[in-house]
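To start, the structure under review is shown below, and the notes come after it.
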Amino acid sequence: MSTLIELSGFSKNFGDTPVLRDIDLSVKEGEVVVILGPSGCGKSTLLRCLNGLELGHAGSLRFAGKA
Numbered sequence: 001m002s003t004l005i006e007l008s009g010f011s012k013n014f015g016d017t018p019v020l021r022d023i024d025l026s027v028k029e030g031e032v033v034v035i036l037g038p039s040g041c042g043k044s045t046l047l048r049c050l051n052g053l054e055l056g057h058a059g060s061l062r063f064a065g066k067a
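The sequence shown lines up with residues 1 to 67 when you count with UniProt numbering.
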């Protein structure tokens with residue numbers, strides 16, 4: 001199965017506040033993924049970055065091998 005979503009060292013800040021720090025994630029075709037955590041831990045920010053509504057500050061984000 002091929003990798004559809006890949007994050008490597010991905011980070012996102014709001015001002016001086018780090019929200020996502022050095023995230024590594026690989027999702028292959030056919031996998032089901034759950035993003036789970038307490039309020040304020042960055043779940044929605046991660047989803048907003050994945051669908052292009054927010055930009056990261058460091059690292060890479062690839063969809064099907066394309067940046």
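Ideal Cβ placement from N, Cα and C applies to all residues, glycine included.
So, at 8 Å on beta carbons, what are the nonlocal neighbours of residue i in its own chain, with the 5 sequence-adjacent residues on each side left out?
i: Leu47; result: Ile35
i: Asp24; result: Leu7, Ser8, Gly9, Phe10
Does the distance from the C-beta atom of residue i to that of residue j stay below 9 Å?
i: Asp22; j: Gly52; result: no
i: Gly27; j: Ile5; result: Checking the sequence, you will find Val at residue 27 rather than Gly. It is a contact, given that the beta carbons lie within the stated cut-off.
Measuring straight from C-alpha to C-alpha, what distance separates residue i and residue j?
i: Thr50; j: Leu61; result: Residue identity check: residue 50 is Leu in the sequence provided, not Thr. Answer to the nearest angstrom: the Cα atoms are 8 Å apart.
i: Glu29; j: Thr3; result: 6 Å
i: Val32; j: Phe14; result: 29 Å
i: Asp16; j: Ser44; result: 19 Å
i: Phe63; j: Gly42; result: 20 Å
Counting only the same chain and skipping the five closest in sequence on each side, list residues whose C-beta sits under 6 Å from that of residue i.
i: Glu54; result: Arg48
Please go through the same chain and pick out, in chain order, the residues whose beta-carbon is closer than 7 Å to the beta-carbon of residue i, but skip the five residues on each side of it.
i: Gly56; result: Phe10, Ser11, Lys12, Cys49
i: Gly37; result: Lys43
Check for me: the beta strand (DSSP E) holding residue i runs from which residue to which?
i: Lys28; result: 17 to 28
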